[in-house]
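In this note's numbering, the protein residues as written are 68 to 361.
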Ligand SMILES: NC(=O)C1=CN([C@@H]2O[C@H](COP(=O)(O)OP(=O)(O)OC[C@H]3O[C@@H](n4cnc5c(N)ncnc54)[C@H](O)[C@@H]3O)[C@@H](O)[C@H]2O)C=CC1
Ligand SMILES: O=C(CO)[C@H](O)[C@H](O)COP(=O)(O)O
């Protein structure tokens, strides 16, 4: 099988490598000339046998939209586009409908594994029609971890379902990270547990809270004890917000994920207007002292 792969950044670059190791021929395109195989989308399309299969792995939102639109203009009936980036599931339905008008097939695939996917394989959750998923199966097989397919790949439903599953996966990721991080801060705040890295290391084996994120926490502390080199500002790319929006739309209580999202927003404030107001109100009603601004 020969596939086109657009977007060769932190994810796509390694995915190209893993696909090739898995016996898939890959022609990649990236606007960064240092990593691209093809000089343009046209050249990528010309290199592929029909029906053409093109995997998109670029930032979600406007960039993915532009790439999918361009593919819609340049591919032929029977060809297929897979969006493997972290697109919002509602975008999939829009893209699938626009491509279907031209007879082009579309599937979405949530990809998990980050920059470790090259060595560990990627967890994959695909959405789309049965026959379209079947067509791309050799690529999914190359990307996923070795072992039983059912352990590492799931066809979760129709178009949009793959990204919906990935959205919830990332919402859970927010909550888990926040819980580990709060535990880290509490252990560091009180001078009673003398070996903090050792505690986390011990938790890696056998405990209820062992996990890959815990392993990565131990690694982060090994690399930078105290995390002195890292600022406390935390970005987000959208999946957490969409998870919270979906929780609201479906009246599903999601306090842990929501709090984790809001903690990231709080991390970006040097000076919180809300907390200034809380302090001002305590002063107003109770005469409690405020701390002067510095
Ligand atoms: N980094 C991660 O842990 C994961 C990221 N994702 C998703 O995968 C997608 C890619 O993520 P990353 O590789 O981390 O981002 P990245 O920013 O490292 O790479 C994006 C690549 O796309 C290229 N690009 C941008 N616009 C382009 C265009 N119009 N045509 C061709 N190439 C273009 C850039 O030059 C860059 O190499 C995103 O949707 C992201 O949310 C999904 C799972 C995990
Ligand atoms: O999908 C991922 C991991 O599973 C990406 O790393 C994603 O960017 C994480 O979300 P956020 O940037 O909002 O923290």
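Cβ atoms here follow ideal geometry from the backbone N, Cα and C, with glycine treated the same way. Note that the structure is predicted; figures quoted are calculated from it, not measured.
query                                                                                                                                  : result
Determine, using beta carbons only, whether residue 152 and residue 123 come nearer to each other than 8 Å.                            : yes
Around the C-beta of residue 230, are 16 or more other C-beta atoms found within 10 angstroms, so that it is buried, or is it exposed? : buried
Confirm, please, whether the CB-CB distance from residue 182 to residue 81 is below 8 Å.                                               : yes
From the DSSP output, in three-state form, read off residue 147 for me.                                                                : strand
Measure the CB-CB distance between residue 111 and residue 69 and report whether it falls below 8 Å.                                   : no
Kindly indicate the opening and closing residues of the beta strand (DSSP E) around residue 71.                                        : 69-73
Does DSSP classify residue 258 as helix, strand or coil?                                                                               : coil
Taking the beta strand (DSSP E) that residue 120 falls in, what are its first and last residues?                                       : 120-123
Quick one: is residue 279 buried, meaning 16 or more other Cβ sit within 10 Å of its Cβ, or exposed?                                   : exposed
Let's see if you can read the secondary structure: which residues bound the beta strand (DSSP E) around residue 175?                   : 172-179
Could you compute how far the alpha carbon of residue 106 sits from the alpha carbon of residue 140?                                   : 18 Å
Residue 303: beta carbon under 7 Å from a heavy atom of ligand 2?                                                                      : yes
Less than 8 Å between the beta carbons of residue 238 and residue 302, yes or no?                                                      : no
Can you tell me which of 102, 233, 254 puts its alpha carbon nearest to the alpha carbon of residue 150?                               : 233
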